[in-house]
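Those protein sequence lines, which keep their order, are chains A and B.
Quick note: to get this note's numbering, add 2 to the position in the first sequence (first position is 1).
Quick note: to get this note's numbering, add 353 to the position in the second sequence (first position is 1).
Using N, Cα and C, we set each Cβ at its ideal position, and we do this for glycine too.
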Amino acid sequence: MGKLFLIFFGAFFSCLLAGGKSLGYGSPLPQGCFPRHIGFWAFQNFALIFVIVYVVDFPQTPSLFYIFIAGVWGLYSLMRTYGSFDGRLVFEKNLTMLLRFGAFFAVGMTLFIGLYLFVKSASFFSMVGLTPLYTSAQWHPFTGMMDTVGDFGALSLFWGTCYIMLLSLVIGGPSALIIAIYLTFYVSQKRRKYLSAILEIAAGIPSIVYGFLALIFVSPTVQDIGYILGLAVSAENALGIALTISLMICPYIAAMITEVLMALPRTLKEGAVALGSTDYETIMKVILPAAFPGIFSALLLGISRAIGETMIVVMAAGMVANFTLNPLQSLTTVTVQIVNLLTGDQDFTKPATASAFALGFSLFCMTYFFNYMSLKVVNHYKNKFNLR
Amino acid sequence: MNRLGKRHKKNTFFRIGCQCVCLAFVVLFTGIFLGIYLQGKNAFWQYRIHLTLPNVSALETLHTLPSPQKRVFIKSLLGIKNQDVYSPFPDQFYLDLIPDQDLFYIGLQIRKKKLTSLALPVSKVARQVLYHQMPTSKSFQQFMHQLIEDKIISRYWNWRFLFGNDSHDARYAGLWGAIVGTVFTLVVTCIGVIPLGVGAAIYLEELAPQNRWYNFFDVNINNLASVPSVIFGIVGLAVFINFFSLPRSSALVAGLTLCIMTLPQIIVASREAFRGVPKMIREGALGIGASPVQITFHHVLPAALPALTTGILLGIVRAIGESAPLLMLGLVVFVIEAPQSFSDPTTVLPMQIYNWARQPEYGFIERAAAAILVLLLILFLLSAMAIWLREKSRTKHGKF
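So this is what it looks like as structure tokens:
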């Protein structure tokens, strides 16, 4: 199998390179370095394939068969370079095909991931039934209370995810908006360049760093403050996690909102200022309503990032599925449970492992929905203002 | 007049509020990095004791000796000359300085490398005293300072932290395995993702016919770019490890999974780069009779190259820092030696941080913080380079 694969690709590339001879496409050297008549490149490729096949396969088998095939392919490409054959057209056709393959691969991946998760979670639902995952709050995947299969009520997990997401959005969203407004309207051009670079670098800080912060610094601090105030605070409190996540998504959202605000037509601001409104009034009554869809979509993307956030919650959140409104209690999220179910040895026929796929599928659908919404909003907005 | 004053007051308040929030943000982030730096800086420096070593057999019988004799022996190891200064300190101090497991380590070193002298990292207790992290008796502090004064203990730049392998003892734990693992993983990711991602972007932006399918592609790739990374972990686990049965916790599996994860991002970024190329370049090339492929490869691609590099670098930055999918692919393993090939058990920098941050033993938290500093330094350099490149390309295209 591997040999055939090799032969196929060798021959394919040889055709590609031989086909490109008329314009020197396949050549790594500048044009005119070598005499390009009589299919020089095709001959070279034949030699190349021969060497590859010889080196890779010869120690195991005589491989004369493969060498023969490679030789035939090489001769074929040699023959094609004679006469009135236009190498450029073939080369361009093949290249376009190759590039199209890349695009199809990427799209195929989405479909594959979606379908794969769907099939896997369908097998889980056939084991346990459709309803318990979304209606019950009893989560004991490894040891069930009712029977030996396990209890798969993920309502409390979804609650934990949504609650932490909402908390972090309430803290992170407005501050991101304010930062973006400040960057766009109150900072000089030169400073803005540096500040937005800082913002971008902050948005690129990996989540493991924030997870470390939550584990070492934020959660213990929340606990200490709660202790001073006389409140019962769990060591794995949801508030610390939400604070950390808001810290993480704040620069991310702010960078996106800055871009939206910068893309607004200047005429909006200039018109408002000409009518005698102050900066505050311009921003509140003209800019923000006009930029609302963009801001909304940035917030949606922030939401989908907060939902999918894994490292912070894995490091700082608890494992016990609580169903509580108190942010000082321990909560668990979908991502924590997915990681918990899939680390270590796993048996893919067990319902506990299969439930991770169902959870993953739910997560995939949630984020897909948010992204789709955000894209729709942005497109609508672009059409409205004739932006590119 | 009064109303106008009110409006302006509101305006001022708003501006000051905005400034305060921004300042708070900057202060918070600076504080965070300062905190991590303060946590992690001690891992880069190490206090070591100089020992002059006897033969192995003497060390092996040392466990059985009673503590006064042990003290005499350790004194001889330390090469203490002025006996009178050290005589008032009790036995326990010497035993705290070089505990039994260290004696075992010394024995190992002698046997392996046939050394005659050794610089051993100070024990946990001594370390806590040196960094003022533990309240102790005055006399123990005096003891330590005497040792420093006699140059028996001195401070070294800890190369072992960067170029040593991981260990269960925090004093010997190093990052080298994780760094090599990161490089291996990145090689796999780059080989996979750069041709595929840039190719797909070229096709979508330059060569694809604009029809229904194009919109479908557009929406799908944009959505794939913000699917949570855990999902890619699940898929990587199920497809690469379970279906193709590639070696678990290897750089190959991790790289392939990260490749799938960064592919849509690279496509989106590359498309942005191609869109940034002015239309007149394409039209000019078309005007002198270039084919679409020639336009793309001879004119658009060179013009888009800086922005393209930016996008790819930012994608790589994300791949370096990514940890959630690798958690499920088994990269949290304890790796004794740096991986030799793509199928060896590997760990990467974020996973090493995760491992160390969870260790309850003394000294691992600061190792984790120091590893974060290393990671952030790498990411900072890469993203600064990316942003600089983009700014450069922007000013270049401004001339068109």
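| query | result |
| --- | --- |
| Could you tell me whether the segment 231-240 of chain A touches the segment 318-333 of chain A, using the rule of 3 or more Cβ pairs below 8 Å? | yes |
| DSSP three-state label for residue 399 of chain B, please. | strand |
| Quick one: measure Cβ to Cβ for residue 299 of chain A and residue 379 of chain A, integer angstroms, because I've assumed they're closer than 8 Å. | 4 Å |
| Along chain B, in chain order, which residues have C-beta atoms closer than 7 Å to that of residue 235 of chain A? | Within 7 Å Cβ-Cβ: nothing; residue 235 of chain A doesn't reach chain B, min ~21 Å. |
| By a C-beta neighbour count over all protein chains shown, 10 Å radius and 16 as the cutoff for buried, is residue 429 of chain B buried or exposed? | exposed |
| Which chain A residues sit within Cβ distance under 7 Å of residue 367 of chain B? | 282 |
| Quick check: is the beta carbon of residue 635 of chain B nearer than 8 Å to any beta carbon in chain A? | no |
| Within the 8 Å Cβ cut-off, does residue 393 of chain A reach chain B? | Because chain A is modelled from 3 through 390, residue 393 of chain A falls outside the range shown and cannot be assessed. |
| What are the residues that DSSP puts in a beta bridge with residue 154 of chain A? | A:141 |
| Cα-Cα, which of B:528, B:492 and B:479 is closest to residue 506 of chain B? | B:479 |
| Provide the residue span of the alpha helix (DSSP H) that contains residue 707 of chain B, from first to last. | 702-711 |
| Hey, could you find the ends of the beta strand (DSSP E) residue 562 of chain B is sitting in? | Note, residue 562 of chain B: premise wrong, no beta strand (DSSP E); not H, not E. |
| Here's the rule I'm using: 16 or more other beta-carbon atoms within 10 Å means buried, otherwise exposed. How should residue 132 of chain A be labelled? | exposed |
| Taking residue 354 of chain A as the reference, give the member of A:363, A:343, A:364 and A:367 with the closest Cα. | A:343 |
| On the three-state DSSP scale, how would you describe residue 342 of chain A? | helix |
| Under 8 Å, do residue 184 of chain A and residue 481 of chain B count as touching if we go by C-beta distance? | no |
| Of all the CB atoms in chain B, is at least one closer than 8 Å to the CB of residue 26 of chain A? | For residue 26 of chain A, the pLDDT reaches just 41, beneath the cut-off of 50, and the residue's location in the model is therefore unreliable, leaving the point undetermined. |
| Looking at the structure shown, is residue 253 of chain A part of a helix, part of a strand, or coil, going by DSSP? | helix |
| For residue 471 of chain B, does the three-state DSSP call read helix, strand or coil? | strand |
| Can you give me the C-alpha to C-alpha distance between residue 566 of chain B and residue 573 of chain B, rounded to a whole angstrom? | 10 Å |
| At what residues does the alpha helix (DSSP H) containing residue 601 of chain B begin and finish? | Per DSSP, residue 601 of chain B belongs to no alpha helix (DSSP H) and is neither H nor E. |
| For residue 201 of chain A, which residues of its own chain have a beta-carbon under 8 Å away from its beta-carbon, when the five flanking residues on both sides are left out? | 181, 185, 253, 256, 257 and 260 |
| What residues in its chain sit with their C-beta under 6 Å from that of residue 607 of chain B, if we drop five residues either side in the sequence? | 538, 679, 682 and 684 |
| Going along chain B in order, which residues have a C-beta closer than 8 Å to the C-beta of residue 202 of chain A? | 736 and 740 |
| Return the CA-CA distance between residue 262 of chain A and residue 296 of chain A, expressed in angstroms with no decimal places. | 6 Å |
| Could you tell me whether the Cβ of residue 171 of chain A comes closer than 8 Å to any Cβ of chain B? | no |
| Would residue 672 of chain B and residue 586 of chain B be called neighbours here (beta carbons separated by less than 8 Å)? | no |
| Identify each residue in the segment 320-348 of chain A for which the Cβ-Cβ distance to at least one residue of chain B is less than 7 Å, and report them in chain order. | 337, 340, 341, 344 and 345 |
| Which same chain residues end up closer than 6 Å to residue 630 of chain B when comparing Cβ atoms and leaving out the 5 residues on each side of it in sequence? | 653, 656 and 657 |
| Quick check: the Cα distance between residue 124 of chain A and residue 167 of chain A, rounded to an integer number of angstroms? | 27 Å |
| Going along chain A, which residues have a C-beta under 8 Å from residue 360 of chain B? | 280, 282 and 283 |
| Check whether chain B comes within 8 Å of residue 34 of chain A, counting only Cβ atoms and requiring the distance to be less than that. | Because residue 34 of chain A sits at a pLDDT of 40, beneath the cut-off of 50, its placement in the model cannot be relied upon, and the following sentence gives the value as read from the coordinates. Closer than 8 Å: no. |
| Rounded to whole angstroms, what's the CA-CA distance from residue 313 of chain A to residue 674 of chain B? Just pull it up for me. | 11 Å |
| Just by C-beta distance, which residues in the segment 540-555 of chain B are closer than 9 Å to chain A? | 548, 549, 550, 551, 552, 553, 554 and 555 |
| Compare the C-beta of residue 254 of chain A with all C-beta atoms of chain B and state if any pair is closer than 8 Å. | no |
| In whole angstroms, give me the CA-to-CA distance for residue 442 of chain B and residue 703 of chain B. | 44 Å |
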